[in-house]
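Trainee: Residue numbers (full-length UniProt numbering), protein chains in the order written: chain A, 1 to 329; chain B, 1 to 329.
Below is a structure I'd like to ask you about.
Protein chains: 2
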Amino acid sequence: MTTINDIAKLAGVSRTTVSRFLNNSGYVGQEASERIAQVINETGYMPSQSAQTLRTKKTGVIGIILPKISTETSSRVVSGINKVMKREGMQILLTDTELDPDKEIEYLRLLKSRQADGIILLATNIGERLQQEIEAFPIPVVALGQNIPGVPSLTYADYDASSDIMHLLIGKGHRKIGFIGVSETDPAVGKLRQTAYTDALKRQNLEVKESWMAEGDFSIDSGYEAMKRIITDNRSDPPDAVFCVTDRMATGAMEYLKEQGFSIPGDVAVAGIGDAVMSRYITPSLTTVNYYNEEAGEAVGEMLLETMAGIKHSKKMMHKYRLIKRDSV
Amino acid sequence: MTTINDIAKLAGVSRTTVSRFLNNSGYVGQEASERIAQVINETGYMPSQSAQTLRTKKTGVIGIILPKISTETSSRVVSGINKVMKREGMQILLTDTELDPDKEIEYLRLLKSRQADGIILLATNIGERLQQEIEAFPIPVVALGQNIPGVPSLTYADYDASSDIMHLLIGKGHRKIGFIGVSETDPAVGKLRQTAYTDALKRQNLEVKESWMAEGDFSIDSGYEAMKRIITDNRSDPPDAVFCVTDRMATGAMEYLKEQGFSIPGDVAVAGIGDAVMSRYITPSLTTVNYYNEEAGEAVGEMLLETMAGIKHSKKMMHKYRLIKRDSV
DNA sequence: AGAAGATGTGTAATCGATTACACATCGTTG
DNA sequence: CAACGATGTGTAATCGATTACACATCTTCT
Chain A
1 MTTINDIAKL AGVSRTTVSR FLNNSGYVGQ EASERIAQVI NETGYMPSQS
51 AQTLRTKKTG VIGIILPKIS TETSSRVVSG INKVMKREGM QILLTDTELD
101 PDKEIEYLRL LKSRQADGII LLATNIGERL QQEIEAFPIP VVALGQNIPG
151 VPSLTYADYD ASSDIMHLLI GKGHRKIGFI GVSETDPAVG KLRQTAYTDA
201 LKRQNLEVKE SWMAEGDFSI DSGYEAMKRI ITDNRSDPPD AVFCVTDRMA
251 TGAMEYLKEQ GFSIPGDVAV AGIGDAVMSR YITPSLTTVN YYNEEAGEAV
301 GEMLLETMAG IKHSKKMMHK YRLIKRDSV
Chain B
1 MTTINDIAKL AGVSRTTVSR FLNNSGYVGQ EASERIAQVI NETGYMPSQS
51 AQTLRTKKTG VIGIILPKIS TETSSRVVSG INKVMKREGM QILLTDTELD
101 PDKEIEYLRL LKSRQADGII LLATNIGERL QQEIEAFPIP VVALGQNIPG
151 VPSLTYADYD ASSDIMHLLI GKGHRKIGFI GVSETDPAVG KLRQTAYTDA
201 LKRQNLEVKE SWMAEGDFSI DSGYEAMKRI ITDNRSDPPD AVFCVTDRMA
251 TGAMEYLKEQ GFSIPGDVAV AGIGDAVMSR YITPSLTTVN YYNEEAGEAV
301 GEMLLETMAG IKHSKKMMHK YRLIKRDSV
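Written out as structure tokens, the structure is:
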């Protein structure tokens, strides 16, 4: 590998001058510049990032910790983050916790040792240990999707969006509304959306029936199974609508309903959250909420950049969302 | 940040001993070990990756260059790669060319300067310059999806898979088969799949009709538009089947056909490639080919690992695939 | 008992960049 | 014309790790 010393030698100057040329710092003569530029071009030289980092403490890398790489939400968010980081000439180091909370801490440490300039955390559950770790963390951290105390966080408007869905359902005349959620250890998706569900029912004096509620694990299959449970447990009094906290689970739920000959939304209306691409093309098309994931990615990206620049954040921000009414309700 | 020197001082030994302790190299006494372990625990010390890299030339990072982050295929592949890299304690540095061939070269260089230990390239088009760049490249590179001369490549069985689709279509009695492809600058998706299409028709002495063929750009919308063009240009003699080179475009095509009141597969059969999640849930469910993207990701991952270890590869490998017969044909 | 090997630790060079400081040259100005 | 600022370049320390080499003890074996 060519180093700055090689370039210096070939161009007949000292490595200091080469460095100055590269970084545009200090004066470099016309002639020297040309020779250096030439040599660099010929050799295809690129400065060693590790040497630079060792001196400057800047890696030009930010780390992303996400629960699962291969989901639509993740890849949209990453794409958004990528957009702003590219603009700043920064690279992205991806880590995937596979929904294991311990890994969140592990990767936090790893990114520290890699001296990431900043970290974007898409957490799922927020434990004691995680918070402790972040408290004394030497690297700027921002969070997306969950509100982490002490960390600038951009959250989705889970409560409001869910309320909107519920209103829509209720507005359409549905009174027996079921729910397919996820574990409450997930504050945003598990807890908040469910609270919005029960709150909406209570506000309208509608029944909150345990057997109309089921828990899945984000997968399409788990939505199918959850729907199956709800239907088989309520043969005599099935719900006439189901609010699913993710589009994937909603898709599974619809799949089961269709199999069983229920008409959607005639017999049972279904709504989801997330606006997966698929939701528009299944039949009937799925009523859902779009969270502008890509823009949210850009927004946390900017947020991290600002935090890195020392700008304090008002800690709590909610990203916009949009209710998408389609044919399943 | 605590450094190895701090640890050494606190533990009352030299930094050499600390290093040996950390790397399990050479002898370290019981007592010293304990003191060092203690201090490290107390301080939460992690060695500086950049300093290590500067000395050892190993970053523990591999780069992935992909055409677009936020696609199902990409995220599946990345997930697969991640799986094997995690096993080896390696991190992934993601770069996204946004389908710009120039960026492929740019990122290659960037990953060089970051001293990635290896690179996985998901190229789209393969130009002269790209090949030149790779030829003298100091870092192991492997490719997925496209066969790049001189580079160990794992390709999908595009020709065979497409032929299978065509056989299926023909076997079902279709004789007027249309085609929705992408630009031929993409050797695998654009060229190979189209060749398989025309070859299959010729083999059966079926008509290859220009106006039954249209080009999209991978997007659902472009599939819709392509289908529209084919139908409007052939009012009197529309095809009775369409082979789309991606599921997304097939989805768009179906959307148009449904809108226009064509029954699928009664009036027009549709088939795609890629087995997007959505394909199973749209109506009718889409006949397609599954490329085992995640496994392919694992496979190139292993391939890269081997290449990095100095094992020469038989250059050309084809990944398995599976025809999935559903209701659209 | 003395030699040979095993065990445990330290000294100092090194990786490839950045940067404070010093020095030289040149044009401008009072 | 002496002095000063602008311009252009080099010397050497530094960042935080690894590692070749040297040295000291302690076992063990003949």
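Heads up, the beta-carbon is just placed ideally off N, CA and C, and yes, glycines get one too.
1. For B/T195, which residues in the same chain have their Cβ closer than 6 Å to its Cβ, ignoring the five residues on either side in sequence?
2. If you check the beta carbons only, do B/A200 and B/A214 fall under 8 Å apart?
3. Once you ignore the five residues that flank A/M317 on each side, which residues in its own chain have a CB closer than 6 Å to its CB?
4. Compute the minimum distance between the beta carbon of A/G26 and the heavy atoms of the ligand FMN, and state whether it is under 7 Å.
5. Please tell me whether B/E298 and B/K86 are closer than 8 Å, where the distance is taken between their beta carbons.
6. Check whether the stretch 32–49 of chain B touches the stretch 70–81 of chain B, counting contact only when three or more Cβ pairs, one atom from each stretch, lie closer than 8 Å.
7. Anything in chain A within Cβ reach of B/D96, meaning under 7 Å, just list it in chain order.
8. Tell me the DSSP secondary structure of A/Q260 in three-state form.
9. Do A/Y156 and B/T251 have their C-beta atoms within less than 8 Å of each other?
10. Output the distance between the C-alpha atoms of A/Q91 and B/L304, rounded to the nearest integer angstrom.
11. So if I threshold CB-CB distances at 7 Å, which residues from the stretch 39–53 of chain B count as touching chain A?
12. Please state if the CB of B/I65 and the CB of B/L121 are separated by a distance shorter than 8 Å.
13. In whole angstroms, what is the alpha-carbon distance linking B/F179 and B/K258?
14. Who are the neighbours of B/Q30 on chain A, taking C-beta pairs under 8 Å?
15. Would you mind stating whether B/G190 and B/V182 have Cβ atoms separated by less than 8 Å?
16. Would you give the residue range spanned by the alpha helix (DSSP H) that B/A8 belongs to?
17. If you draw a straight line from the C-alpha of A/R15 to the C-alpha of B/S75, how long is it?
18. Taking beta-carbon pairs under 7 Å, can you tell me which members of the stretch 238–261 of chain B lie near chain A?
19. In the structure shown, what three-state DSSP assignment does B/H319 receive?
20. Could you spell out where the alpha helix (DSSP H) holding B/A196 opens and where it closes?
21. Per the DSSP calculation, residue 344 of chain B is bridged to which residue(s)?
22. B/D233: buried (16+ other C-beta within 10 angstroms of its C-beta) or exposed?
23. Which chain A residues are close to B/T283, counting only those with a beta carbon under 8 Å from its beta carbon?
24. Suppose contacts are defined by Cβ-Cβ distances below 8 Å. Is B/V77 in contact with B/N290 by that definition?
25. The beta strand (DSSP E) spanning A/N290 covers which residue range?
26. Output needed for A/D217: all residues of its chain with C-beta closer than 7 Å, excluding positions within five of it in sequence on either side, in chain order.
27. Using a Cβ cut-off of 7 Å, pull out every chain A residue sitting near B/V277, in sequence order please.
28. Can you pull the chain A residues whose beta carbon is under 8 Å from the beta carbon of B/V78, in chain order?
29. Is B/R193 close to chain A, meaning its C-beta is less than 8 Å from at least one C-beta of that chain?
30. Is the beta carbon of B/T124 less than 8 Å from the beta carbon of B/L99?
31. At 7 Å on the CB atoms, spell out the chain A contacts of B/M1, in chain order.
32. Cα separation between A/V329 and A/M46?
33. When the Cα of A/M254 is compared with those of A/D240, A/R229, A/G223, A/S236, which residue comes out closest?
34. State yes or no: is the beta carbon of A/R326 nearer than 8 Å to at least one beta carbon in chain B?
35. How is A/Q30 classed by DSSP in three states: helix, strand or coil?
36. Report the neighbours of A/K112 on chain B: residues whose CB is nearer than 8 Å to its CB, in chain order.
Mentor: Let's see:
1. What you label residue 195 of chain B is simply residue 195 of the second sequence in a count that begins at 1. The answer is none, since no qualifying residue turns up.
2. By one-based count along the second sequence, residue 200 of chain B stands at place 200. By one-based count along the second sequence, residue 214 of chain B stands at place 214. Not a contact, by the Cβ cut-off of 8 Å.
3. In the first sequence, counting from the first residue as 1, residue 317 of chain A sits at position 317. Answer for A/M317: L154, listed in chain order.
4. Because no ligand of any kind appears in the structure shown, any question about the ligand FMN cannot be addressed here.
5. Numbered from its first residue, the second sequence carries residue 298 of chain B at position 298. Numbered from its first residue, the second sequence carries residue 86 of chain B at position 86. No, they are not a contact pair.
6. no
7. Numbered from 1 along the second sequence, position 96 holds the residue referred to as residue 96 of chain B. The answer, in chain order, is N82.
8. Within the first sequence, residue 260 of chain A is the residue found at index 260, counting from 1. Of the three classes helix, strand and coil, the one that applies to A/Q260 here is coil, per DSSP.
9. The residue given as residue 156 of chain A occupies position 156 in the first sequence. The residue given as residue 251 of chain B occupies position 251 in the second sequence. Not in contact: A/Y156 and B/T251 (Cβ atoms no closer than 8 Å).
10. Along the first sequence, read from residue 1 onward, the residue named residue 91 of chain A stands at position 91. Along the second sequence, read from residue 1 onward, the residue named residue 304 of chain B stands at position 304. Rounded to whole angstroms, A/Q91 to B/L304 spans 21 Å at the Cα level.
11. Result list: M46, P47, S48, Q49, S50, A51, T53.
12. Taking the first residue of the second sequence as 1, we reach residue 121 of chain B at position 121. Taking the first residue of the second sequence as 1, we reach residue 65 of chain B at position 65. Their beta carbons are under 8 Å apart, which means B/L121 touches B/I65 by this criterion.
13. For the purposes of this step, residue 179 of chain B is taken as the residue at position 179 of the second sequence. For the purposes of this step, residue 258 of chain B is taken as the residue at position 258 of the second sequence. Distance between the alpha carbons of B/F179 and B/K258 is about 18 Å.
14. For the purposes of this step, residue 30 of chain B is taken as residue 30 along the second sequence, with counting starting at 1. Simply none; closest approach about 27 Å.
15. If you number the second sequence from 1, residue 190 of chain B lands on position 190. If you number the second sequence from 1, residue 182 of chain B lands on position 182. Yes; because the gap between Cβ atoms is below 8 Å, this pair is in contact.
16. Here residue 8 of chain B refers to the residue found at position 8 of the second sequence. That run of the alpha helix (DSSP H) goes 4–11.
17. Start at 1 with the first residue of the first sequence, and residue 15 of chain A comes out as number 15. Start at 1 with the first residue of the second sequence, and residue 75 of chain B comes out as number 75. Each residue's alpha carbon lies about 42 Å from the other.
18. T251, E255
19. In the second sequence, counting from the first residue as 1, residue 319 of chain B sits at position 319. Under the three-state reduction of DSSP output, B/H319 falls in the strand class.
20. Taking the first residue of the second sequence as position 1, residue 196 of chain B is located at position 196. Here the alpha helix (DSSP H) through B/A196 covers 193–203.
21. The structure shown does not extend to residue 344 of chain B, since chain B is modelled only from 1 through 329, so no value can be given for it.
22. Within the second sequence, the letter at position 233 stands for residue 233 of chain B. Classification for B/D233: exposed.
23. Against the second sequence, residue 283 of chain B aligns to sequence position 283. Within chain A, the residues near B/T283 are I282, T283.
24. Taking the first residue of the second sequence as 1, we reach residue 77 of chain B at position 77. Taking the first residue of the second sequence as 1, we reach residue 290 of chain B at position 290. Pairing B/V77 with B/N290 gives a Cβ-Cβ distance that is not under 8 Å.
25. Residue numbering aside, residue 290 of chain A sits at position 290 when the first sequence is read from its first letter. Here the beta strand (DSSP E) through A/N290 covers 288–290.
26. What you label residue 217 of chain A is simply residue 217 of the first sequence in a count that begins at 1. Counting only Cβ-Cβ distances below 7 Å, and skipping sequence neighbours, we find V182.
27. Along the second sequence, read from residue 1 onward, the residue named residue 277 of chain B stands at position 277. Going along chain A in sequence order, the residues near B/V277 (Cβ under 7 Å) are M278.
28. Along the second sequence, read from residue 1 onward, the residue named residue 78 of chain B stands at position 78. Here the neighbours are I69, S70, L94.
29. Here residue 193 of chain B corresponds to residue number 193 of the second sequence, with the count starting at 1. Using a Cβ-Cβ cut-off of 8 Å, B/R193 does not count as an interface residue toward chain A, since no Cβ of chain A sits closer than that to its own.
30. Taking the second sequence and counting its residues from 1, one reaches residue 124 of chain B at position 124. Taking the second sequence and counting its residues from 1, one reaches residue 99 of chain B at position 99. In this structure, B/L99 lies closer than 8 Å to B/T124 by Cβ.
31. For this step, residue 1 of chain B is matched to residue 1 along the second sequence. Neighbours of B/M1 on chain A, chain order: P138.
32. Numbered from its first residue, the first sequence carries residue 329 of chain A at position 329. Numbered from its first residue, the first sequence carries residue 46 of chain A at position 46. The alpha-carbon atoms of A/V329 and A/M46 are separated by roughly 57 Å.
33. One-based indexing of the first sequence puts residue 254 of chain A at position 254. Comparing C-alpha distances from A/M254 to each of A/D240, A/R229, A/G223, A/S236 shows the shortest one belongs to A/G223.
34. Taking the first residue of the first sequence as position 1, residue 326 of chain A is located at position 326. By this cut-off, A/R326 is not an interface position.
35. Counting from 1 along the first sequence, the entry for residue 30 of chain A is found at position 30. Residue state, collapsed to three classes: helix.
36. Residue mapping note: residue 112 of chain A aligns to position 112 of the first sequence, counting from 1. Within 8 Å Cβ-Cβ: M46.
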